[in-house]
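In this text, residue positions in the sequence shown follow the working numbering: the first is 1, and each later residue adds one.
Comments concern the structure below.
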Amino acid sequence: MPKPISRISLADVVRATGGMLGASQSESNGKTLGGFASGQVSGDAHPNLVDISECLYFSPGDGRIWLQDQRVVLLHTEALGSMRREMVDSLGIKQARGLFTRAGYVSGARDAQLVRKQWPDADPSASAIAGTRLHALEGMVQVEVVHAAYDANTGNYEGEFLWHNSSEDDEHIAAYGVGGSAACWMQVGYATGYVSTLFGRLIVFRELQCRSMGDVHCRVVGKSANQWEGVEEDMRYLNAHEFVDAAAYDRGDEQAAELPAADRVAGNAMVGASSAFKAACQQLSRVARTSATVLFTGESGVGKEKFASMLHQISPRKNQPFIAVNCAAIPESLIESELFGVERGAFTGATMSRPGRFERAHGGTLFLDEIATLSFVAQGKLLRALQEGQIERVGGTRSIAVDVRVVAATNEALRDAVQKGAFREDLFYRLNVVPIHLPPLRERRDDIPLLMNHFVHHYRRKHGCDVKGFTQAAVRHLVNYDFPGNIRELQNLVERAVILADAGGLIDVHHLFTGGEVHRAEVLTLRPTPNSGVLNLSGKTAAPVEVPPPVRSAMTLEQTEQSLLQKAIAASGGNLSAAARLLNTSRAKLAYRARKHGLV
Numbered sequence: 001m002p003k004p005i006s007r008i009s010l011a012d013v014v015r016a017t018g019g020m021l022g023a024s025q026s027e028s029n030g031k032t033l034g035g036f037a038s039g040q041v042s043g044d045a046h047p048n049l050v051d052i053s054e055c056l057y058f059s060p061g062d063g064r065i066w067l068q069d070q071r072v073v074l075l076h077t078e079a080l081g082s083m084r085r086e087m088v089d090s091l092g093i094k095q096a097r098g099l100f101t102r103a104g105y106v107s108g109a110r111d112a113q114l115v116r117k118q119w120p121d122a123d124p125s126a127s128a129i130a131g132t133r134l135h136a137l138e139g140m141v142q143v144e145v146v147h148a149a150y151d152a153n154t155g156n157y158e159g160e161f162l163w164h165n166s167s168e169d170d171e172h173i174a175a176y177g178v179g180g181s182a183a184c185w186m187q188v189g190y191a192t193g194y195v196s197t198l199f200g201r202l203i204v205f206r207e208l209q210c211r212s213m214g215d216v217h218c219r220v221v222g223k224s225a226n227q228w229e230g231v232e233e234d235m236r237y238l239n240a241h242e243f244v245d246a247a248a249y250d251r252g253d254e255q256a257a258e259l260p261a262a263d264r265v266a267g268n269a270m271v272g273a274s275s276a277f278k279a280a281c282q283q284l285s286r287v288a289r290t291s292a293t294v295l296f297t298g299e300s301g302v303g304k305e306k307f308a309s310m311l312h313q314i315s316p317r318k319n320q321p322f323i324a325v326n327c328a329a330i331p332e333s334l335i336e337s338e339l340f341g342v343e344r345g346a347f348t349g350a351t352m353s354r355p356g357r358f359e360r361a362h363g364g365t366l367f368l369d370e371i372a373t374l375s376f377v378a379q380g381k382l383l384r385a386l387q388e389g390q391i392e393r394v395g396g397t398r399s400i401a402v403d404v405r406v407v408a409a410t411n412e413a414l415r416d417a418v419q420k421g422a423f424r425e426d427l428f429y430r431l432n433v434v435p436i437h438l439p440p441l442r443e444r445r446d447d448i449p450l451l452m453n454h455f456v457h458h459y460r461r462k463h464g465c466d467v468k469g470f471t472q473a474a475v476r477h478l479v480n481y482d483f484p485g486n487i488r489e490l491q492n493l494v495e496r497a498v499i500l501a502d503a504g505g506l507i508d509v510h511h512l513f514t515g516g517e518v519h520r521a522e523v524l525t526l527r528p529t530p531n532s533g534v535l536n537l538s539g540k541t542a543a544p545v546e547v548p549p550p551v552r553s554a555m556t557l558e559q560t561e562q563s564l565l566q567k568a569i570a571a572s573g574g575n576l577s578a579a580a581r582l583l584n585t586s587r588a589k590l591a592y593r594a595r596k597h598g599l600v
């Protein structure tokens, strides 16, 4: 067995200092966080400060710092301040504020996921307190809770906090002095991301007082988005691009039970704040101003047609037609006539000439979904159309010039299809000018609360169902669900739940998963072991790992460790957290050793 990497936990430091590291001013004064539906909680409620501190440990042997199973880094505040100054000077204060707000949102969402995973049964008040402690533990700010309330019946949240010793203020004041605007951009984003992810609906925080404005301390207020006026302005800093729909995040509760005469469908809104979503939007905005061919890749339901439509809307061709074709939905015998048109008498039943999709999209954009299903003959004609800018109708004898931007999409790996001889190599390279990969929803979980909030408001209005929001159990399951159908599946789940839930009530788990969906059982049965940071299954237990019997042949300790890890990971179906529980170790340690042996 290799020499273990030493771990330096902060829990002992917290115990030695009397548990005051990261505690808020209100906790040290004996105040409580009140107003939550589940009751009041004191500063000692689970998860307590020692529990949270045990999540952070150092592995100096391999140059890593871990916050549970997430890698973090220590960064000098002066370095952060220098980067902040350069961004403000080069991009302008609005663009820089947006960058830091979005970075803070991702950090807060990650911490909320950690708390949900580590303490799945903690009541909302204890989970909210955990966020203030984590924020302090990470060196950002000391949080004093003035008031916080969450109404489980309506799903509304309202809280007021005082921030002391803000690291962002220190650097901003050092660079620019006291000014007329608040400067804790990253911390506002963190609070928005943490609480929104925790409660499964959009909670917006605003900084009403700030040391950078000359105030004694910073005062922030958080409310459910529908309780703020002009929430779109707040969301502009969270959105990386103007074409992401800020208004889609929330619609007022006063319209919840109204049936609009005409409303756009839910899929027409671009909603997201995760790093993966922002990266795709960045690529989209760069290529939109050109006429280059774009190839969208990704699983079914990730929003490829939505991105293609948005590409057209922000391009110079926006006033021209956008024609979408699902190649998989058209019979092979008709695909050529659908794409390129047909002349009268070309075949039996062709009683009149008609243009194809290329001609109808002239001057605009042609979106070819499921491009991999095209026949080889159709692929050859498509290649010529892309190369020459000309087409021929089926049964025709003349070439027709077309000015069309082709955007293609596929959920298959076209490179593999080329190697297997199922797709033309020359067409692949013609389509793959600007590839944009859209990640599955399970890889952009930061967007799940925002999408939940958007869809529930949309379907409340569409179906006239006055549901108030989601229960904590429903939020927990949706955040932990793998979504094989991606955003389309989430949209359908929320629509189903809005219809099945009681009027004036909350959406619960049994309203969501009624169509045979398989969600992970450990979401319901995980329990923390007392006085330990290890989680175990208290309900249905996983199959025990069969420890290999002693062998007479020479087998090194490293080989023994590798064999045991292989069996544990196999018995857990590839779930590293479950494998770690079987071996009575932490997920981070197991993941490190599994990577060392090349098992993941």
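We treat Cβ as the ideally placed atom computed from N, Cα and C, and that holds for glycine.
Euclidean distance between Cα positions of residue i and residue j
i: G396; j: G341; result: 9 Å
i: R102; j: K278; result: 9 Å
i: L374; j: H477; result: 39 Å
i: M270; j: S563; result: 46 Å
i: G222; j: P124; result: 15 Å
i: H671; j: A501; result: A query on residue 671 cannot be resolved here, the shown segment of the chain reaching from 1 to 600 and no further.
i: G353; j: R393; result: It is worth fixing the name first, because residue 353 is Ser in this sequence and not Gly. Distance between the alpha carbons of S353 and R393 is about 9 Å.
i: A96; j: F161; result: 24 Å
i: L154; j: P120; result: Residue identity check: residue 154 is Thr in the sequence provided, not Leu. Their Cα atoms are separated by approximately 22 Å.
i: I499; j: R460; result: 8 Å
i: N226; j: A126; result: 24 Å
i: L582; j: Y176; result: 54 Å
i: A521; j: R84; result: Because A521 carries a pLDDT of 46, less than 50, the predicted location of this residue cannot be relied on, and no value is offered for it.
i: D482; j: P440; result: 9 Å
i: E233; j: N48; result: 36 Å
i: D403; j: L431; result: 16 Å
i: R384; j: A240; result: 37 Å
i: R595; j: Q387; result: 46 Å
i: H510; j: R445; result: 21 Å
Beta bridge counterpart(s) of residue i as assigned by DSSP
i: Y150; result: Y157
i: P627; result: With the chain represented from 1 up to 600, any question about residue 627 goes unanswered, as that position is not in the structure.
i: F307; result: In DSSP, F307 forms no bridge with anything.
i: W163; result: V143 and C218
Where residue i falls: helix, strand or coil (DSSP)
i: A594; result: helix
i: I330; result: coil
i: F243; result: coil
i: S603; result: A question about residue 603 goes unanswered here, because the residues of the chain that appear run from 1 up to 600.
i: A126; result: helix
i: H76; result: coil
i: T365; result: strand
i: F340; result: helix
i: W185; result: helix
i: V325; result: strand
i: T410; result: strand
i: L451; result: helix
i: G35; result: Low confidence applies here, because G35 scores a pLDDT of 39, under 50, leaving its location unreliable; read the following figure in that light. DSSP places G35 in coil when its eight states are reduced to three.
i: R116; result: helix
i: E54; result: coil
i: C218; result: strand
i: R442; result: helix
Contact check, residue i vs residue j, beta carbons under 8 Å
i: G193; j: G108; result: yes
i: A114; j: Q70; result: Inspection of the sequence shows that residue 114 is occupied by Leu rather than by Ala. Result yes, Cβ atoms of L114 and Q70 sit closer than 8 Å.
i: L565; j: A580; result: no
i: A497; j: I487; result: no
i: R211; j: I173; result: yes
i: Q390; j: A408; result: no
i: A130; j: I52; result: yes
i: R587; j: S577; result: yes
i: S196; j: P449; result: yes
i: V141; j: H135; result: yes
i: A276; j: E443; result: yes
i: V613; j: I436; result: There is no way to answer for residue 613, as the model of the chain reaches only from 1 to 600.
i: E338; j: V325; result: yes
i: V665; j: V456; result: The chain is shown only over 1 to 600; residue 665 falls outside these bounds and no answer can be derived.
Residue i beta carbon near the ligand GTP (any heavy atom closer than 7 Å)
i: G396; result: As for the ligand GTP, it is missing from this structure, which has no ligand bound.
The segment 163-181 in contact with the segment 66-81 per 3-pair CB rule at 8 Å
yes
At least 3 beta-carbon pairs within less than 8 Å: the segment 358-378 vs the segment 318-327:
yes
Counting Cβ pairs, one atom from each stretch, are 3 or more of them under 8 Å apart for the segment 408-428 and the segment 371-389?
yes
Do the segment 273-293 and the segment 409-418 touch if we need at least three Cβ pairs shorter than 8 Å?
no
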